[in-house]
Amino acid sequence: MEQLKISGLNFTYPGRDGKDLSDISLTVQKGDFILLFGRSGCGKSTFLKQLKPAIAPYGRRSGRIEYDGTEITELSERDQSSKIGFVSQNPENQIVTDKVWHELAFGLESLGYDNRTIRLRVAEMASFFGIQDWFLKPVNELSGGQRQILNLASVMVMQPEVLLLDEPTSQLDPIAVSGFLAMLRRINEELGVTILLSEHHLEEVLPICSRVLFMEGGRLLLDVTPRELGSCMKRLKSEMTEALPACVKIYAAFSEGETPITVREAKQWLSTQISPAPKSPASPEDKPLFPRRNVQEPAVRLEEIWYRYEKKAEDIVKGVSMEIPQGCLYGIVGGNGVGKSTLLSVIGGVNQPYRGKVKLMGVALPKIPNGERYRGLIGYLPQDPCSLFVRNTVGRDLEDMAYAAFSDRQTAQKRMERVIDFFHLKPLLGRHPYDLSGGEQQCAALAKVLLTDPRIILLDEPTKGIDAVFKKRLSKLFYTLKEQGKTVILVSHDIDFCAHYMDFCALMFNGEIISENETRKFFMGNSFYTTAANRIARGIFPGGLTSEDVIEQCRKNRIGG
Amino acid sequence: MTTENNGRDAFSAYHPVTLFLYFCTVLFFSMFFLHPVLLAISLASVFLYSVLLSGRKAVRFNLLWMLPVTLLIALVNPLLNHSGATILLYVNDNPITLESTVFGLLSAAAFVSVVIGFSCFNVVMTSDKLMYLFGRMIPVLSLMFSMTLRLVPRYKAQIRKISEAQKCIGCDVSQGGIFQRIRNGVHIVSILITWALENAVETADSMKARGFGLKGRTTFSIYSWKRRDKTLLAVQLALLAVVFAGMGMGAFETACFPFVRIAGLSGKSVAFFAAYALFCLLPAIVDGKEYFVWNSLKSAG
Chain A
9 MEQLKISGLN FTYPGRDGKD LSDISLTVQK GDFILLFGRS GCGKSTFLKQ LKPAIAPYGR
69 RSGRIEYDGT EITELSERDQ SSKIGFVSQN PENQIVTDKV WHELAFGLES LGYDNRTIRL
129 RVAEMASFFG IQDWFLKPVN ELSGGQRQIL NLASVMVMQP EVLLLDEPTS QLDPIAVSGF
189 LAMLRRINEE LGVTILLSEH HLEEVLPICS RVLFMEGGRL LLDVTPRELG SCMKRLKSEM
249 TEALPACVKI YAAFSEGETP ITVREAKQWL STQISPAPKS PASPEDKPLF PRRNVQEPAV
309 RLEEIWYRYE KKAEDIVKGV SMEIPQGCLY GIVGGNGVGK STLLSVIGGV NQPYRGKVKL
369 MGVALPKIPN GERYRGLIGY LPQDPCSLFV RNTVGRDLED MAYAAFSDRQ TAQKRMERVI
429 DFFHLKPLLG RHPYDLSGGE QQCAALAKVL LTDPRIILLD EPTKGIDAVF KKRLSKLFYT
489 LKEQGKTVIL VSHDIDFCAH YMDFCALMFN GEIISENETR KFFMGNSFYT TAANRIARGI
549 FPGGLTSEDV IEQCRKNRIG G
Chain B
802 MTTENNGRDA FSAYHPVTLF LYFCTVLFFS MFFLHPVLLA ISLASVFLYS VLLSGRKAVR
862 FNLLWMLPVT LLIALVNPLL NHSGATILLY VNDNPITLES TVFGLLSAAA FVSVVIGFSC
922 FNVVMTSDKL MYLFGRMIPV LSLMFSMTLR LVPRYKAQIR KISEAQKCIG CDVSQGGIFQ
982 RIRNGVHIVS ILITWALENA VETADSMKAR GFGLKGRTTF SIYSWKRRDK TLLAVQLALL
1042 AVVFAGMGMG AFETACFPFV RIAGLSGKSV AFFAAYALFC LLPAIVDGKE YFVWNSLKSA
1102 G
């Protein structure tokens, strides 16, 4: 049954010339699970919000959106708020009240249900979502993943027929992402709720969705099944092909038609394509990719670092010793809450260890005066780049920083110009930092940090909420920084990013560094904590780490085609 | 329904109205009546309840802080207050009177009862319960209260995040000269405000998306009146009736100046005091009963 019928939808934000959505036509059947994907800023959010008039942005709209045959703006406010649910990106901002139970009841209170009904509905949803253990807790004691589940649940209590989700997992760690998506799948399969989801994590969504829409520049370019996506994207030659999961990429490099969408399927396919014993068991070259330069002092040297936030709290960092050579890209990976970010803040001097020594460029950190520390030695980019911005435009923000860092106005100006060029910030200078997309914010913040020309750059989750194209751009910036002899240390959940671009990787677990190696060897040693491409190629091509590796090795062995 | 203290205390799981009534009564009588028997009852029962609620921590707090405070008030009062007719001795030509010594002791006991009473109140009357009680009267206010309680820890965390971030670019309040520091501090606050406003837009959207602003909003609560709540309330009201009768008959009358005059004990007034004691000890009685029931269940099983 047709639930939503969109025909010829156009939308323009006030004061803009081009159309932000142009000529979108689409029919959504009851029970569809639709994935909406495209670069950030391609109009996904704008489109989703059009389907919920209560929060639709102000602007010029033409075309029709019909919900069950009625024009959507003519639905009563009551129907609209209960039938169409909306979950957005930031888990924090959507929570209104201080207690979990109250948040769950919020929507039903608005609709004016009595106590008995609310009690029942809330109990039902809490059981469905497994919330009962933290039902009475204050919201600020929840983890990010739990908060987003709470947001979903507090929309679901209103028993919506359509659920709109705008990049709901972009702020979550990988485990929380899986948990959230599994919940969506249950909602779709067990309750039959129609879902429209915009998302960057294709790898996990493709297997569970029924249709994929690809948007670019406010247009709807593709409306296909998940299995058709690979070959269609290839035909489009879009730069977003980069974002496809490894299983799709590898298959689409050789064959047309329907691609596998899980690691299992890709592995099965790969093994049917290959002769049982590959000619040369292509092992990774033994010579290190980036020889360690032992002559120099290491950029960072940690000697048995111990850290905890409060005297009576538990240790977060437990006796970490490591050496990070100068001029390399170093990634620290690991699950949620293992102490990665804390370790980074200790390296950056934000937090002082209660035992052990931090040495930067051979000098003990406490001996470096504050003035020098953050003026040319350390550049630290926190997880939330917004906490760095001070002024209301990007340009003035940079200016402020430059004049504070350099007493000489001319040097400041020069330095600023260099940074602006380096990050291609020219078009963004007049914008408010908060209005930028996640990737642009990351760049603007990084630019600000790099103004002082630090030799060691510390980054906390720089790829969070950024699309594939921007990630690639970021990696190019990192390479340039490396060429300039800078050391870049980043903490990340993003295994693929680290596997692609880092020279060294370390795995952190339970406050300790468990393993550390050159990236290739590092990931080859892990069987689960590794890239999807590696999992696909395992036992077939021992050396495949990235999908490009696997494709290349496939070519070498003359398979496929 | 909710036990915030690891299930140690059964009384706090009763309906908020009964709990509120309990605290109001105890605090009222300890504040406004100086009758030594009454005070002894109040003090003993809030002390007992605080121990039931917080265990060893409460004992330590009471002895470490409350005992010295009691002594201090009891000592200082006669030194400063010289009214009263019975002079005991002179200190630096100032008379120390019996009346003001007694008054000091009694008011110290009252003060300590109130402080311990409030510490119990804090543990038992969680924001949920208070909101339930007052939200009935002013629903909008209770929602605002709840939202504020959500925002305060958020802002605190964000301020910390921002100042850490600013520290790393050399711009937090611990760096630079005094003017630079002030400037940095102002910047941090201004970032917080921008951040808060920016996020508030999304929160508003989330509220609107869930139908906020529709007519006929209701207020949900997780509390309901069970039979035991009604029984407890009935017992409380009955006891209170007796206590107020005693109050009306002047059984609790106490005056310290110019002479110490304390209403004496008679058969009738013993009954009033007993009623008050019973009321004050309700938490202990409820907890005690629970304890024995558990033990007998355990040994039976």
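Chains A and B are the protein sequences, given in the same order. In this text, residue positions in the first sequence follow this note's numbering: the first is 9, and each later residue adds one. In this text, residue positions in the second sequence follow this note's numbering: the first is 802, and each later residue adds one. In this text, a Cβ means the ideal position worked out from N, Cα and C, and glycines have one as well.
Using the beta-carbon count (16 or more within 10 Å), is Cys394 of chain A buried or exposed?
Cys394 of chain A sits buried, since 16 or more C-beta atoms from the chains shown fall within 10 Å of its C-beta.
Mind checking the stretch 999-1013 of chain B against chain A and listing, in chain order, the residues whose C-beta falls within less than 7 Å of any C-beta there?
Cβ contacts with chain A come from Glu999, Asn1000, Glu1003, Thr1004, Asp1006, Ser1007, Met1008, Lys1009, Ala1010, Arg1011, Gly1012, Phe1013.
For Ser70 of chain A, write down the residues that DSSP places opposite it in a beta bridge.
DSSP lists A:Asn18 as partners of Ser70 of chain A.
For chain B, find out if any of its Cβ atoms is closer than 8 Å to the Cβ of Val147 of chain A; answer yes or no.
With a threshold of 8 Å between beta carbons, Val147 of chain A makes contact with chain B.
Do you know offhand how far Gly115 of chain A's Cα is from Glu74 of chain A's?
Distance between the alpha carbons of Gly115 of chain A and Glu74 of chain A: 24 Å.
Counting only beta-carbon separations shorter than 8 Å, does Gly971 of chain B have a partner in chain C?
No chain C is present in this structure, whose protein chains are A and B.
To the nearest angstrom, how far is it from the Cα of Leu1041 of chain B to the Cα of Leu854 of chain B?
Straight-line measurement puts the Cα of Leu854 of chain B at about 24 Å from the Cα of Leu1041 of chain B.
Which of helix, strand or coil does DSSP assign to Gln445 of chain A?
This sequence places Ser at residue 445 of chain A; Gln is not what is there. Secondary structure at Ser445 of chain A: coil, using DSSP grouped into helix, strand and coil.
Alpha carbon to alpha carbon, how far is Phe298 of chain A from Thr81 of chain A?
Low local confidence applies: a pLDDT of 49 at Phe298 of chain A is under 50, so the model's placement there is unreliable, with the coordinate-based value given in what follows. Each residue's Cα considered, the two are about 60 Å apart.
What does the alpha-carbon distance come out to for the pair Ala1056 of chain B and Val847 of chain B?
Here the alpha carbons of Val847 of chain B and Ala1056 of chain B stand approximately 24 Å from one another.
Are Ala131 of chain A and Gly152 of chain A touching if we call contact CB-CB under 8 Å?
It is not a contact, given that the beta carbons lie outside the stated cut-off.
Nearest to Tyr338 of chain A by CA position, among A:His508, A:Lys564, A:Gln140, is which residue?
The residue with the shortest Cα to Cα distance from Tyr338 of chain A is A:His508.
Does the CB of Val427 of chain A have a neighbour CB from chain B at under 8 Å?
No, because no Cβ of chain B sits closer than 8 Å to the Cβ of Val427 of chain A.
Residues of chain A with CB closer than 7 Å to the CB of Thr1023 of chain B, please, in chain order.
At residue 1023 of chain B the sequence reads Ile, which differs from the Thr that was named. Here the neighbours are Trp109.
In its own chain, which residues sit with a C-beta less than 8 Å from the C-beta of Ile989 of chain B, not counting the 5 before and 5 after it?
Counting only Cβ-Cβ distances below 8 Å, and skipping sequence neighbours, we find Ile960, Ile963, Ser964, Gln967, Asp973, Val974.
Roughly how many angstroms separate the alpha carbons of Lys1090 of chain B and Tyr850 of chain B, rounded to a whole number?
Distance between the alpha carbons of Lys1090 of chain B and Tyr850 of chain B is about 14 Å.
With a floor of 3 residues, list each beta strand (DSSP E) that falls wholly inside the stretch 873-915 of chain B, ordered by position along the chain.
Within the stretch 873-915 of chain B, the complete beta strand (DSSP E) segments of 3 residues or longer fall at 888-892, 895-898, listed in chain order.
So is Thr105 of chain A in contact with chain B if we call contact Cβ pairs under 8 Å?
True, the Cβ-Cβ gap to chain B drops below 8 Å.
Quick one: what's got a C-beta closer than 7 Å to Glu211 of chain A's C-beta in the same chain, skipping five residues either side?
Once the five neighbours on either side are set aside, the close Cβ partners of Glu211 of chain A are Pro253, Ala540.
Quick one: does Ser263 of chain A have its CB under 8 Å from some CB of chain B?
With its beta carbon at least 8 Å from every one in chain B, Ser263 of chain A lies outside the interface.
Cβ-Cβ distance between Ala412 of chain A and Leu433 of chain A below 8 Å
The answer is no: Cβ separation not under 8 Å.
Apart from the five residues on each side of it in sequence, which residues of its chain come closer than 6 Å, Cβ to Cβ, to Ile888 of chain B?
Take Ile888 of chain B, set aside five residues on each side of it, and the residues of its chain with a beta-carbon closer than 6 Å to its own are Pro896, Thr898, in chain order.
Give me the subset of the stretch 932-951 of chain B whose CB atoms are less than 7 Å from a CB atom of chain A, sorted by chain position.
Answer in chain order: Ser947, Met948, Leu950, Arg951.
Go ahead and label Arg423 of chain A buried or exposed: buried means 16 or more other beta carbons lie within 10 angstroms of its beta carbon, across all protein chains shown.
Answer is buried; the Cβ neighbour count reaches 16.
Distance between Ile258 of chain A and Lys287 of chain A (C-alpha atoms, nearest Å):
Reliability of the predicted coordinates at Lys287 of chain A is poor, the pLDDT of 49 falling under 50, and no value is obtained from them.
So with CB distances below 7 Å, who are the chain B contacts of Tyr382 of chain A?
Simply Cys969, Ile970, Gly971.
Just verifying my parser: in three-state terms, what is the DSSP assignment at Glu965 of chain B?
In the structure shown, Glu965 of chain B sits in a helix (DSSP, three-state: H, G or I).
Exposure label - Tyr66 of chain A; buried when at least 16 CB within 10 Å
Around the beta carbon of Tyr66 of chain A, fewer than 16 other beta carbons lie within 10 angstroms, which makes this residue exposed.
Neighbouring residues, chain A, relative to Pro954 of chain B (Cβ below 7 Å)
When 7 Å is used as the limit between beta carbons, Pro954 of chain B is near these residues of chain A: Asn148, in chain order.
Alpha-carbon to alpha-carbon, Ile1023 of chain B and Pro782 of chain B
This structure gives no information on residue 782 of chain B, because the portion of chain B shown stretches from 802 to 1102.
Beta-carbon contacts of Pro289 of chain A that lie in its chain and below 6 Å, excluding the five residues immediately before and after:
A caution first: Pro289 of chain A carries a pLDDT of 47, below 50, which makes its placement in the model unreliable, though a value can still be read off. The beta carbon of Pro289 of chain A sits closer than 6 Å to none of the beta carbons in its chain outside the five residues before and after it.
Would you mind telling me which residues of chain A sit closer than 9 Å to Leu1015 of chain B, beta carbon to beta carbon, in chain order?
Residues of chain A with a Cβ closer than 9 Å to the Cβ of Leu1015 of chain B are, in chain order, Glu85, Arg86, Ser89, Ser118, Leu119, Gly120.
Roughly how many angstroms separate the alpha carbons of Ser48 of chain A and Met330 of chain A, rounded to a whole number?
In a straight line, the C-alpha of Ser48 of chain A is about 37 Å away from that of Met330 of chain A.
Backbone secondary structure at Val3 of chain A - three-state DSSP:
Since the first residue of chain A shown is 9 and the last is 569, residue 3 of chain A is not available in this structure.
Rounded C-alpha distance that separates Ser1007 of chain B from Asp929 of chain B:
Distance between the alpha carbons of Ser1007 of chain B and Asp929 of chain B is about 22 Å.
Using only the alpha-carbon positions, how far apart do Gln97 of chain A and Leu199 of chain A sit?
Spanning the alpha carbons of Gln97 of chain A and Leu199 of chain A requires a straight line of approximately 23 Å.
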